[in-house]
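Take a look at the structure set out below.
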Amino acid sequence: MASTVIGAGITVEGEIVTDEDISIQGVVRGKIDAKDAVSIEQGATVEADVSGSEVQVGGHLTGNVRATDRVVIATGARVIGDVKSARFTIQDGAQFKGHVDMDV
Amino acid sequence: MKQGSTASSGSIGRSTRVVGRITGDGDLVVEGRIEGDVTLGGHLHVAAGGVVAAPVSAADVTLEGTIDGDLVASGSVVLREGARLRGAIRAGKVGLEDGARFSGKIEMDVELPRELTSPSGPAAQAKTNTRNKG
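These protein sequence lines map, in sequence, to chains A and V. Heads up: the first sequence begins at 14 in this note's numbering, then just goes up one per residue. Heads up: the second sequence begins at 725 in this note's numbering, then just goes up one per residue.
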């Protein structure tokens, strides 16, 4: 369980800055700046630029993603935005629209 | 105090800072820092070390950390040992425990004696008189 959890009934409008991992099940509009893993769960809606070590998306994300380790867009997820990460996975059934920069 | 991990609950961890508004119908545990209004339908628990630097509105509030702002609760507000609050409290019930630090005013839903509330009571009349004199 992540140390910071934005639950399903919770909306954050603004910026979240954290040194630890974070799990989003609700709504975030603004910016997420994490040093550790970011998990955007199924059912979550994020309209924000997201940065973290590892970004897992299972919900809907509109915004640019930057990860130091990797980005995974899971089945059923939808991402609209640019992704910058050395490792990037789009699972079968995920929707993605944007630019990818894998630093090649 | 219950801290069930229901789907609509959330937590702001120790090294997390939120600059902006938080709204929701669930519960929230704050161990980190929030710089923005918090409006919750559920229970807000500001743990020791947690800081909310803005007005707060929730059903119930348990404070062990710090709130810098007015606090409105439809249910109860409890300031535990180590709590620090600068602002007004308006709530149905307020508990102020030994070791909590608070400066501001408290407004509880108190049923005032009739002479203080009825328009013809002496208090109301005194007020009218003062106004007439002033």
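By construction, the Cβ of each residue, glycine as well, lies at the ideal position given by its N, Cα and C atoms. The structure presented is a predicted model; accordingly, all values stated were derived computationally and were not measured.
In this structure, how does DSSP classify residue i when only helix, strand and coil are distinguished?
| i | result |
| --- | --- |
| Arg-825/V | strand |
| Glu-67/A | strand |
| Thr-31/A | strand |
| Thr-854/V | The predicted position of Thr-854/V is uncertain, since its pLDDT is 48 and thus under 50; a value taken from the coordinates is nonetheless stated next. DSSP places Thr-854/V in helix when its eight states are reduced to three. |
| Ala-778/V | coil |
| Arg-757/V | strand |
| Met-832/V | strand |
| Ala-815/V | strand |
CA-CA distance, residue i and residue j?
| i | j | result |
| --- | --- | --- |
| Val-113/A | Asp-95/A | 6 angstroms |
| Ala-812/V | Asp-794/V | 5 angstroms |
| Arg-810/V | Ala-782/V | 17 angstroms |
| Gln-55/A | Lys-829/V | 44 angstroms |
| Arg-814/V | Ala-797/V | 6 angstroms |
| Ala-90/A | Val-834/V | 51 angstroms |
| Glu-28/A | Glu-805/V | 30 angstroms |
| Arg-855/V | Ala-807/V | For Arg-855/V, the pLDDT reaches just 48, beneath the cut-off of 50, and the residue's location in the model is therefore unreliable, although a value from the coordinates is still provided. Taking the straight line from one Cα to the other gives about 41 angstroms. |
| Thr-841/V | Gly-819/V | 25 angstroms |
| Val-780/V | Val-117/A | 48 angstroms |
| Ile-736/V | Val-78/A | 21 angstroms |
Please list the terminal residues of the continuous beta strand (DSSP E) segment that includes residue i.
| i | result |
| --- | --- |
| Leu-752/V | 752-754 |
| Arg-745/V | 740-748 |
| Gln-108/A | 108-110 |
| Val-85/A | 78-86 |
| Ala-119/A | Because chain A spans 14 through 117 in this model, residue 119/A falls outside it and cannot be assessed. |
| Ser-798/V | 795-803 |
| Val-117/A | Unbroken run through Val-117/A: none, as it is neither H nor E. |
| Gly-734/V | 734-736 |
Along the alpha helix (DSSP H) that carries residue i, what are the first and last residues, could you check?
| i | result |
| --- | --- |
| Leu-721/V | The requested residue 721/V is not part of the displayed model; chain V covers only 725 to 858. |
Of all the options the options, which has the alpha carbon lying nearest to the alpha carbon of residue i?
| i | options | result |
| --- | --- | --- |
| Asp-792/V | Val-762/V, Leu-820/V, Val-818/V and Gly-816/V | Val-762/V |
| Ala-99/A | Ala-80/A, Ala-57/A and Val-92/A | Ala-80/A |
| Arg-42/A | Asp-32/A, Ala-87/A and Thr-75/A | Thr-75/A |
| Ser-800/V | Val-770/V, Glu-755/V and Asp-784/V | Asp-784/V |
| Gln-104/A | Gly-20/A, Asp-34/A, Glu-33/A and Thr-88/A | Thr-88/A |
Report yes if the CB atom of residue i is closer than 8 angstroms to the CB atom of residue j, and no otherwise.
| i | j | result |
| --- | --- | --- |
| Ile-125/A | Leu-752/V | The first residue shown for chain A is 14 and the last is 117, placing residue 125/A beyond what the model contains. |
| Ser-52/A | Ser-64/A | no |
| Val-30/A | Asp-46/A | yes |
| Gln-38/A | Ala-61/A | no |
| Leu-803/V | Glu-831/V | no |
| Gly-748/V | Leu-764/V | yes |
| Arg-745/V | Gly-734/V | no |
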